[in-house]
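Next up, the structure:
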């Protein structure tokens, strides 16, 4: 079979777009967000990128490395790396980890980015990301093997539907410059597995799904027992947008119980084909079937998806935010009330995002025409300035140099300065879309529960009145 037909061709434009985006992020970093009053907790995560070589363009061990000097700027180093032939035909990938199962951990077994809380000995937030990546997955993010590209917008993480602040999260981007990095070393107490996922798999609309979570897990004090049952009975579960991950390479921590059971039930330890001494027992006690490593799908959702949505939106087909959905609930009445009360809010957020991507120097009918055309193109997955179709991504959407509005989760500012044209459109977009949303959610839940009470009261009154009428007759 022809090799060119047997392989899935990777669009070179994706690598080129990634190069342009990394240029922008390295030259125009986002500012630091100060901690809110009475909250000193900060955490950092590492967005680790690599280029996986293509079979037909595998780098030779004798190939010279791109020239790098201590005086080279980040832009020159990025340009030299992406100038290599194997990089031009490679497949960009991101590193994710699945956290180990731990009781009492809010993010137990979640798919996440390597990272954790900043310690007092860390020099800054970026140092915390480098240290955590080394501890959790055993990858060294030094200047000899990677490029410190820049950062993504910092954000305030909240719980209890935006009411209780937890910490400030600081994402940093690192680009691995070697194609033969050492095997990952997973910390058993923190990491269950690690997965390299192609950017193409993250950008594909076919991988979009949803994740169901108990309402109690979204509160500051996660409820258990009767309170958890009551919340589930009243509000069902929360529905979050998610991406089903398709890894190209996975590493499992084989020393933890999640990978293989340390203690096996006697019914399961019996070899296949050996009959039970009492044949009727297996019919009364069903045999538990398990496969290891676990086959449960890897879902990217929640905070990690929010961090990456801004980055993925910079890459073609630029539909990460179009496919992202607002959190809601499973009961139809609560979902309907949330949708109805947030309708104008969601439309307003769409207009705010659109306003950041259209030219500022137009007024009147010309501006309206541009907005309609850009919005139409956004619906079809394109991100092209209708008046400048022949220029690269980094030069599209030219705007005046002014600060955009500061955004944050639940109205708490994040201090983001949209300095570059690319960043103006995408910086903190998920935070912008969520700003004020949970205030509407709380009102919608109250309205829905009040509606249930009114409906139940009306039904009881009808039944009582009907029974009374029948008794009189």
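In the UniProt record's numbering, the protein residues as written are 1 to 473. Glycine is no exception: its CB is placed at the ideal position from the N, C-alpha and C atoms.
Option nearest residue i by Cα separation, candidates the options
i	options	result
residue 435	342, 466, 460	342
residue 91	57, 77, 78	57
residue 184	101, 139, 167, 99	139
residue 251	192, 307, 179	192
residue 444	36, 321, 161, 146	161
residue 76	298, 24, 312	24
residue 43	122, 18, 53	122
residue 438	253, 351, 61, 163	163
residue 330	338, 81, 151	338
residue 233	452, 149, 336	452
residue 344	440, 197, 313, 315	440
residue 249	97, 127, 116	97
residue 253	186, 80, 127	186
residue 60	178, 115, 442, 312	178
residue 315	29, 114, 203	203
residue 205	124, 322, 80	322
Residue i to residue j span [Cα, whole Å]
i	j	result
residue 103	residue 84	47 Å
residue 432	residue 38	24 Å
residue 158	residue 120	22 Å
residue 255	residue 41	31 Å
residue 210	residue 258	23 Å
residue 334	residue 310	29 Å
residue 235	residue 15	44 Å
residue 297	residue 332	26 Å
residue 95	residue 231	35 Å
residue 317	residue 17	11 Å
residue 147	residue 195	20 Å
residue 180	residue 350	43 Å
residue 212	residue 33	31 Å
residue 100	residue 462	53 Å
residue 426	residue 455	For residue 426, the predicted model reports a pLDDT of 43, less than 50, meaning its position is unreliable and no value from the coordinates is stated.
residue 325	residue 127	33 Å
residue 150	residue 172	6 Å
Per-residue burial, residue i [other beta carbons within 10 Å of its own, 16 or more giving buried]
i	result
residue 457	exposed
residue 49	buried
residue 424	Only weak support exists for where residue 424 lies, its pLDDT of 43 falling under 50; the coordinates are left without a value.
residue 137	buried
residue 428	buried
residue 36	exposed
residue 307	buried
residue 469	exposed
residue 108	exposed
residue 465	exposed
residue 153	buried
residue 459	exposed
residue 241	buried
residue 448	buried
residue 118	buried
residue 182	exposed
Residues bridged to residue i (per DSSP)
i	result
residue 150	173
residue 46	172
residue 252	193
residue 115	45
residue 299	244
residue 211	240
residue 336	According to DSSP, residue 336 bridges with nothing at all.
residue 95	196
Nearest-angstrom beta carbon gap, residue j and residue i [assumed within contact, 8 Å]
i	j	result
residue 51	residue 21	With a Cβ gap of about 14 Å, residue 51 and residue 21 do not count as contacting.
residue 78	residue 19	7 Å
residue 176	residue 145	7 Å
residue 328	residue 239	5 Å
residue 299	residue 244	6 Å
residue 201	residue 246	4 Å
residue 93	residue 199	7 Å
Heavy atom of the ligand COA within 8 Å of residue i beta-carbon
i	result
residue 147	This structure lacks the ligand COA; in fact it carries no ligand of any kind.
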